[in-house]
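J.: Let me begin by handing over the structure; questions about it come next.
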Amino acid sequence: MTLFKIKNLFTLIILSASLIYCKKDESSPLTDKNNNPTATISSSDKEEYNKQIVEDEKPKIPDVVIPRKDFGFYPWIYKNTDSVSVRNKKEFTGKALYTILALNRLDKANIGAADTLVVPAKIEEDFLIYSPFPGHVSTLENVKKFVFFSYPIQAFGVYEYGNLVKWGPTSMGKKATQTKRGLMFANWKKEVAISTVSDEWKLRWNVNVANFDGIGWHQYAMPGYPASHSCLRMLEEDAKWMYSWVDTWILNKGGQTTRAKGTPLIVYGDYPWGKRRPWKKLLDSPDANNISEDEMNKIIEPQLASIMKEQENRVNVVQQIELEKKAKADSLLALKTKDSSNLN
C-alpha cells in the first residue's frame, strides 16, 4: 500500500470516528463523568432532550380512525310493557347496557326515569365506534395525556399523543352552577372524597381539577342531563378507569406550592338549555353529535403552548426527583460503607 493511500485511509478513519461521536453527542443528554445528567443544561439542549423524551414515549401505533357509522338508532320507550321493551330489558346487559346508558347519559339507577332511550340498531363490541370525538387530533400529537369535556353534548374524550383511547358520558354543572370552562390541570385525587357542598355526598374516584373551586371529575348520579354543582360526573366504571390513568400534581416540600401540574383538560362550549337533548338527535342522524378534528384543533391550539410548557416542566421535575432519589440513596450507601469500615 502506498504512503498516499495510507494517509488517506487514516484521514478517513479519523473523520468517521468524529462523525460517530458527533451523532452520539447530538442524541444524548449532557452527562458528567459518572454518566449522570448534569445540573446545568442549556435551554436549546433541554428543549431537544425533552423532544427526544416525548418521541421515545410515543406509542408506535397508527392514528386511530373511527369507522363511519353505517347503522341508525331507534327509540326505546323504557316504561312500555310491550314485547320489544320486555325483550330489551332481558337482552341488554353488560357492555350492551353500558353502551345504551352512556349514549343516554344515564346510570342504572336513573334508567327508569328516562322517557325515551336512544338505542343503536347495532351493538358494537368496541364502544369507540360510537364516539362523537375524532379518533385522531393532530394538535395533540406531542401531548402525552389530555382530556376534552364537551358541554354541548355532555361527553368527554381521552387522548394519548393525539389518539382517542376512551370516551364516555358526563353530567356537568346545571344552569345555576355551571362548570368552569377553559384549560385546567389535574391536581390531587382521592378514592372517596366528601363534597364541600354537603358532607352527605360521597364522591368516588374523585380527581380534583380546580383546587380552590372544589371542582373535580368523579362518580355520581347520572340523570341524563347537566345536574351537578359544577363538578364533572361520570359513570363509576369510567371514573375508576380515569382515576388510575390520570397524572396528578407534584408539590414542593411542605405541600404549599406546585412543582409540576398534572394531566391537562379543557372544558368547552355551552349546553342547549331548555331544548331537545343533543343525543336524541341521533335518532335523526347517527353523526348528529360528532365534533370534527378541525373543530378540536381550533379549540386546543390557543392553549397548546401552555399545555406543552407544563408537560416539559413535568418531564424536568420527574427527572430531578429521580436524581434527588439517586443522590440520597448514594449518600446513605456511602454512610453505611463508612460506618462498616469504622467498625472493622
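Sequential numbering of the sequence shown, starting at 1318, is according to my numbering. Ideal Cβ positions, reconstructed from N, Cα and C, are used throughout, including at glycine.
#1: Suppose only complete runs of 3+ residues qualify. What are the beta strand (DSSP E) ranges in the stretch 1367-1434, listed by chain order?
#2: For T1575, does the three-state DSSP call read helix, strand or coil?
#3: H1546 and G1586 look like a contact to me (Cβ under 8 angstroms); what is the Cβ gap, rounded to whole Å?
#4: Grouping DSSP H, G and I as helix and E and B as strand, with all else coil, what is F1473?
#5: Within its chain, find whatever has a CB closer than 8 angstroms to the CB of S1448; leave out the 5 residues flanking it on each side and keep chain order.
#6: For the putative contact between L1423 and M1539, defined by C-beta atoms under 8 angstroms, what is the C-beta separation to the nearest angstrom?
#7: Identify whether I1358 lies in helix, strand or coil by the three-state DSSP scheme.
#8: Output needed for L1500: all residues of its chain with C-beta closer than 8 angstroms, excluding positions within five of it in sequence on either side, in chain order.
#9: Enumerate in chain order the residues of its own chain whose CB-to-CB distance from N1353 is below 6 angstroms, with the five nearest sequence positions on each side excluded.
#10: Excluding the five sequence neighbours on either side, which residues of its own chain have a C-beta within less than 6 angstroms of the C-beta of D1380, listed in chain order?
#11: Can V1403 and N1421 be called in contact, C-beta distance under 8 angstroms?
#12: Taking the alpha carbon of I1617 as the reference point, which residue from S1602, R1498, Y1537 has its own alpha carbon closest?
#13: How many angstroms separate the CA atom of K1396 from the CA atom of G1429?
#14: How is W1590 classed by DSSP in three states: helix, strand or coil?
#15: Please confirm if the stretch 1406-1417 is in contact with the stretch 1566-1581, defined as three or more CB-CB distances below 8 angstroms between the two stretches.
#16: How long is the line joining the alpha carbons of N1528 and V1563, rounded to whole angstroms?
#17: To the nearest angstrom, report how far apart N1607 and P1437 are at their CA atoms.
#18: Can you tell me whether G1411 is buried or exposed, with buried defined as 16 or more other CB within 10 angstroms of its CB?
#19: The beta strand (DSSP E) that contains N1545, what's its start and end?
#20: For E1641, tell me which candidate among K1570, L1520, R1594, K1653 has the shortest Cα-Cα distance.
#21: Find the nearest neighbour of F1502 within the set V1526, L1520, R1521, K1386, judged by alpha-carbon distance.
#22: Assuming contact is defined by CB atoms lying nearer than 8 angstroms, are Y1542 and R1593 in contact in what I supplied?
#23: Compare the beta carbon distance of W1522 and A1472 with 8 angstroms and say whether it is the shorter of the two.
#24: Roughly how many angstroms lie between the CA atoms of K1407 and Q1536, to the nearest whole one?
#25: Using the C-alpha atoms, what's the distance from E1477 back to L1455?
#26: Rounded to whole angstroms, what's the CA-CA distance from G1389 to V1509? Just pull it up for me.
#27: When you compare only the Cα positions, how much space is there between T1348 and I1567?
#28: Restricting to Cα atoms, I'd like to know which of T1487, K1492, I1378, D1432 is closest to I1394.
#29: Can you list, in chain order, the residues of its chain with a C-beta nearer than 8 angstroms to that of K1597? Leave out the 5 residues immediately preceding and following it.
T.: If we stick to the structure as given:
#1: Taking 3 residues as the shortest admissible run, the stretch 1367-1434 contains the following complete beta strand (DSSP E) segments, listed from N- to C-terminal end: 1390-1393.
#2: In the sequence shown, residue 1575 corresponds to position 258, counting from 1. Three-state result, T1575: strand.
#3: Translated into positions along the sequence shown, residue 1546 becomes position 229. Translated into positions along the sequence shown, residue 1586 becomes position 269. About 19 angstroms; that fails the 8 angstroms criterion.
#4: For this step, residue 1473 is matched to residue 156 along the sequence shown. In the structure shown, F1473 sits in a strand (DSSP, three-state: E or B).
#5: If you number the sequence shown from 1, residue 1448 lands on position 131. Only I1383, G1474, L1481, W1484 meet the Cβ criterion.
#6: Numbered from its first residue, the sequence shown carries residue 1423 at position 106. Numbered from its first residue, the sequence shown carries residue 1539 at position 222. Confirmed, Cβ separation roughly 5 angstroms.
#7: One-based indexing of the sequence shown puts residue 1358 at position 41. Low confidence applies here, because I1358 scores a pLDDT of 47, under 50, leaving its location unreliable; read the following figure in that light. I1358: coil per DSSP, three-state reduction.
#8: As a working mapping, residue 1500 is identified with position 183 in the sequence shown. Cβ within range, chain order: P1581, L1582, I1583, Q1620, S1623, I1624.
#9: In the sequence shown, counting from the first residue as 1, residue 1353 sits at position 36. With a pLDDT of 41 at N1353, under the threshold of 50, the predicted position of this residue should be treated as unreliable, and no value is reported.
#10: For the purposes of this step, residue 1380 is taken as the residue at position 63 of the sequence shown. So the qualifying residues of the chain are H1453.
#11: Within the sequence shown, residue 1403 is the residue found at index 86, counting from 1. Within the sequence shown, residue 1421 is the residue found at index 104, counting from 1. Cβ distance not < 8 angstroms, so V1403 and N1421 don't count as in contact.
#12: Taking the first residue of the sequence shown as 1, we reach residue 1617 at position 300. If we check each option's Cα against that of I1617, R1498 comes out closest.
#13: Position 79 of the sequence shown, counted from the start, is the residue given in the question as residue 1396. Position 112 of the sequence shown, counted from the start, is the residue given in the question as residue 1429. When rounded, the distance between both Cα atoms is 7 angstroms.
#14: Numbered from 1 along the sequence shown, position 273 holds the residue referred to as residue 1590. Correct three-state label for W1590: coil.
#15: Contact between the stretch 1406-1417 and the stretch 1566-1581 is absent, with fewer than three C-beta pairs closer than 8 angstroms.
#16: Counting from one through the sequence shown, the residue named residue 1528 turns up at place 211. Counting from one through the sequence shown, the residue named residue 1563 turns up at place 246. Computed Cα separation, rounded: 16 angstroms.
#17: As a first step, residue 1607 must be located in the sequence shown, where it is residue number 290. As a first step, residue 1437 must be located in the sequence shown, where it is residue number 120. Near 15 angstroms, if we compare the C-alpha coordinates of P1437 and N1607.
#18: Counting from one through the sequence shown, the residue named residue 1411 turns up at place 94. With fewer than 16 other Cβ atoms within 10 Å, it is exposed.
#19: Position 228 of the sequence shown, counted from the start, is the residue given in the question as residue 1545. A small fix is needed here, since residue 1545 is Ser in this sequence, not Asn. Counting along the chain, S1545 falls outside any beta strand (DSSP E), and DSSP gives it neither H nor E.
#20: Indexing the sequence shown from 1 puts residue 1641 at position 324. Ranking the options by Cα distance to E1641, first place goes to K1570.
#21: As a working note, residue 1502 is residue 185 in the sequence shown. For the residues V1526, L1520, R1521, K1386, the minimum Cα distance to F1502 belongs to V1526.
#22: Start at 1 with the first residue of the sequence shown, and residue 1542 comes out as number 225. Start at 1 with the first residue of the sequence shown, and residue 1593 comes out as number 276. No. Outside cutoff.
#23: The residue you call residue 1522 lines up with position 205 of the sequence shown. The residue you call residue 1472 lines up with position 155 of the sequence shown. Against a cut-off of 8 angstroms, the Cβ pair of A1472 and W1522 comes out as no contact.
#24: In the sequence shown, counting from the first residue as 1, residue 1407 sits at position 90. In the sequence shown, counting from the first residue as 1, residue 1536 sits at position 219. In a straight line, the C-alpha of K1407 is about 26 angstroms away from that of Q1536.
#25: Position 138 of the sequence shown, counted from the first residue, corresponds to residue 1455. Position 160 of the sequence shown, counted from the first residue, corresponds to residue 1477. One point to set straight first is that residue 1455 is Ser, not Leu, in the sequence displayed. The alpha-carbon atoms of S1455 and E1477 are separated by roughly 11 angstroms.
#26: As a first step, residue 1389 is located in the sequence shown; it is residue number 72 there, counting from the start. As a first step, residue 1509 is located in the sequence shown; it is residue number 192 there, counting from the start. Their Cα atoms are separated by approximately 39 angstroms.
#27: Your numbering for residue 1348 matches position 31 in the sequence shown. Your numbering for residue 1567 matches position 250 in the sequence shown. Note that T1348 scores a pLDDT of 39, beneath 50, so its modelled location is shaky; the value from the coordinates is reported in the next line. Distance between the alpha carbons of T1348 and I1567: 25 angstroms.
#28: Looking up residue 1394 in the sequence shown gives position 77. The shortest Cα separation from I1394 among T1487, K1492, I1378, D1432 belongs to D1432.
#29: If you number the sequence shown from 1, residue 1597 lands on position 280. T1433, V1435.
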